[in-house]
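Residue numbers (the working numbering): 1171 to 1422.
Heads up, the beta-carbon is just placed ideally off N, CA and C, and yes, glycines get one too.
Written out below as C-alpha cells is the structure these notes cover.
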Ligand SMILES: NC(=O)c1ccc[n+]([C@@H]2O[C@H](COP(=O)([O-])OP(=O)(O)OC[C@H]3O[C@@H](n4cnc5c(N)ncnc54)[C@H](OP(=O)(O)O)[C@@H]3O)[C@@H](O)[C@H]2O)c1
C-alpha cells in the first residue's frame, strides 16, 4: 500500500515554506518540491519527521508526470496537493521576454493542471483527498503591467472552481486560495518595485492558515483578509474599464 503524503510545490520559499510548516504541524507526511534543493533539505532538517525532498523544475514539459512517478517509486501517493509554485513578471507585455512569460504559463497553469489530473485517480480510489490551487486576488480582474500573470491566475481560479463543482460528493476537497500581496520572495522574483504593494503586504502564515482552514471546510474560493475580500468583491459592481484603469495605475 502506498503511503499518503501532502505534496507542496514551491516549498523552498514564501507561502510554500509556510504550507510545509503548518502541514507538518498537523502531523502530515510531506513531499516538498522546488528547484533549490539546498533550501528544501534545510527545511526538511528543520521540520524533522516524514519529509521527502524532490528537486525539479516544474515549468518543464512532463514535470508533473516525472514527479508523481518519482513519488510512486518511493511508495508514496499524494492525498493532499498544494499547487503553490508560481511566479509573476512586472512590466509591459511587449517589453518582457517571451520565453519567461511562456515559462510562467507552463508553471502557473500547465503543470498545475497536469498535477491535478495525475493525483485524481488515487484520490478517487481512496474516496478522499484535497487539492489547494494557489491563485491570487489578481485572478479577479485584468492586470495591465502584469498581463500574463493576472491572466494565469484567472485561469487557475476558473479551473479550480469548476473542479470543485465536479468533485462534489466524491470526498475530494478542492479550494482556490486567492492571497493578496504577501511578504514572500514574489516581489523580488517579479522585478516589482511597487511601494504601494510593499506597504500593504500581509504575513504568509496567516494566508496559509486561512488556506488550510478553507481546504478543510471545502470552500471553493478562499480570500484571506478583509481588505482582499473587499477588492475581490468590488469587481462585481465596478465597470471592467474602471478596474483596468485602477490596476494599470499601480506602479509595479
Ligand atoms: N506573495 C504574493 O504577494 C502572492 C500573492 C498572490 C498569490 N501568490 C502566489 O503564491 C504562490 C507562491 O508564491 P510566493 O509568494 O510564496 O513566492 P516565492 O516566495 O517567490 O516562492 C515561489 C516558490 O515557487 C518555486 N518555483 C518557482 N519557479 C519554479 C519552477 N520552475 N519549478 C519549481 N518550483 C518553482 C520557488 O522555488 P525555486 O525558486 O527553488 O524553484 C519557490 O519555492 C505563487 O503561485 C504566487 O503566484 C503570491
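Could you check whether residue 1330 and residue 1344 sit closer than 8 Å to each other, using their CB atoms as the reference points? yes
I'd like to know whether the C-beta atoms of residue 1361 and residue 1298 end up nearer to each other than 8 Å. no
Could you check whether residue 1237 and residue 1225 sit closer than 8 Å to each other, using their CB atoms as the reference points? Not a contact, by the Cβ cut-off of 8 Å.
Do residue 1234 and ligand 1 come close, with the Cβ less than 7 Å from some heavy atom? Outside the cutoff, so no.
Mind reading off the beta-carbon distance from residue 1276 to residue 1306? Whole number of angstroms is fine, and I expect it under 8 Å. Cβ atoms of residue 1276 and residue 1306 stay farther apart than 8 Å, at about 17 Å.
Classify residue 1291: buried if its beta carbon has 16 or more other beta carbons within 10 angstroms, exposed otherwise. exposed
Are residue 1314 and residue 1418 closer than 8 Å when you measure CB to CB? Closer than 8 Å, so yes.
Of the residues 1182, 1321, 1196, the one placed nearest residue 1414, counting alpha carbons only: 1321
Between the beta-carbon of residue 1334 and the beta-carbon of residue 1390, is there less than 8 Å? yes
Host beta strand (DSSP E) of residue 1281 (start-end): Looking at the DSSP string, residue 1281 is not in any beta strand (DSSP E), and its letter there is neither H nor E.
Which partner residues of residue 1173 appear in the DSSP bridge assignment? Answer is 1246, bridged to residue 1173.
On the three-state DSSP scale, how would you describe residue 1302? strand
Helix or strand or just coil, what does DSSP make of residue 1253? strand
For residue 1400 and residue 1181, I'd like the C-alpha separation in whole angstroms. 29 Å
What first and last residue would you give for the beta strand (DSSP E) that runs through residue 1346? 1342-1347
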